[in-house]
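Peer 1:
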């Protein structure tokens, strides 16, 4: 487990979002989410919400006793009106988070960290089960990535899946399934706070993409009742 600058373990704050059908069918990893504040609110990508099945969508959390996953049903969510970002509320999982949504606009060359759950890692046990009797499921595994901002993009992209006009182009691709993961600026770390300057959403050619939080920090979702920046 990779610790944050604070004392909370990253697995408690960054979680996989999965469709979990009947027991005889494999679960499907959709994306990543991360907690902000302390009331059970979390951020992800809007296209993750679009791709999940609301009837069987769950957030996954590690059981510290068995190291298996405990599913928390996702019943409450709201998408940003223009950017590829969404808010999730998991009222049964109040979790104090060191992640803070920043209104700062970073510059090219800014170094960053990203955490998420790549699909290629989640599918490893499907391709190579521990034993013939092992359950057929995707086991999400938290992965750490880092890189630098290549440039800022302030226009719509020619990809229908990625809504919005405010992006960071990143030097590294975190992988499918990491959409919704937090992009933390290494330039503005102020322990025990980790400033989230972007929400990872995917790739464009050989580069990663993240929504710039400067655009969404002042968003006031009805679900939250105040701005993302104020949820501390």
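Numbering (my numbering), first residue to last: 48 to 279. The C-beta atom is built at its ideal place from N, Cα and C for all residues, glycine as well. As the structure is a prediction and not an experimental result, all values here were calculated from the model.
1) Hey, quick one: how far does the alpha helix (DSSP H) through residue 169 stretch, first residue to last?
2) For residue 257, count neighbouring Cβ atoms within 10 angstroms of its own Cβ and tell me buried if that reaches 16, exposed if not.
3) Given residue 261, which residues of its chain have a CB within under 6 angstroms of its CB, disregarding the five upstream and five downstream residues?
4) Tell me the residue span of the beta strand (DSSP E) that contains residue 94.
5) Let me make sure I understand the geometry here. Which of 279, 247, 155 and 277 has the alpha-carbon closest to that of residue 133?
6) Report yes or no: do three or more beta-carbon pairs, one from the stretch 76 to 92 and one from the stretch 136 to 146, lie closer than 8 angstroms?
7) Distance check for residue 111 and residue 127, CA to CA, integer angstroms please.
8) For residue 261, which of helix, strand or coil comes out of DSSP?
9) According to the neighbour-count rule (16 or more other Cβ atoms, all chains shown, within 10 Å of its Cβ), is residue 65 buried or exposed?
Peer 2: Checking against the coordinates, here is how it stands:
1) The residue given as residue 169 occupies position 122 in the chain shown. 166 to 169 is the span of the alpha helix (DSSP H), which, as asked, contains residue 169.
2) Working through the chain shown from its first residue, we reach residue 257 at position 210. So residue 257 counts as buried.
3) Mapped onto the chain shown, residue 261 falls at position 214. Once the five neighbours on either side are set aside, the close Cβ partners of residue 261 are 150 and 152.
4) For the purposes of this step, residue 94 is identified with residue 47 of the chain shown, where counting begins at 1. Note, residue 94: premise wrong, no beta strand (DSSP E); alpha helix (DSSP H) at 93 to 98.
5) Here residue 133 is taken as the residue at index 86 of the chain shown, counted from 1. That would be 247, whose Cα lies nearest to the Cα of residue 133.
6) Touching, yes.
7) As a working mapping, residue 127 is identified with position 80 in the chain shown. As a working mapping, residue 111 is identified with position 64 in the chain shown. Rounded to the nearest angstrom, the two C-alpha atoms are 33 angstroms apart.
8) In the chain shown, the residue the question calls residue 261 occupies position 214. Three-state DSSP puts residue 261 in a helix.
9) What you label residue 65 is simply residue 18 of the chain shown in a count that begins at 1. Buried, since its Cβ has 16 or more Cβ neighbours within 10 Å.
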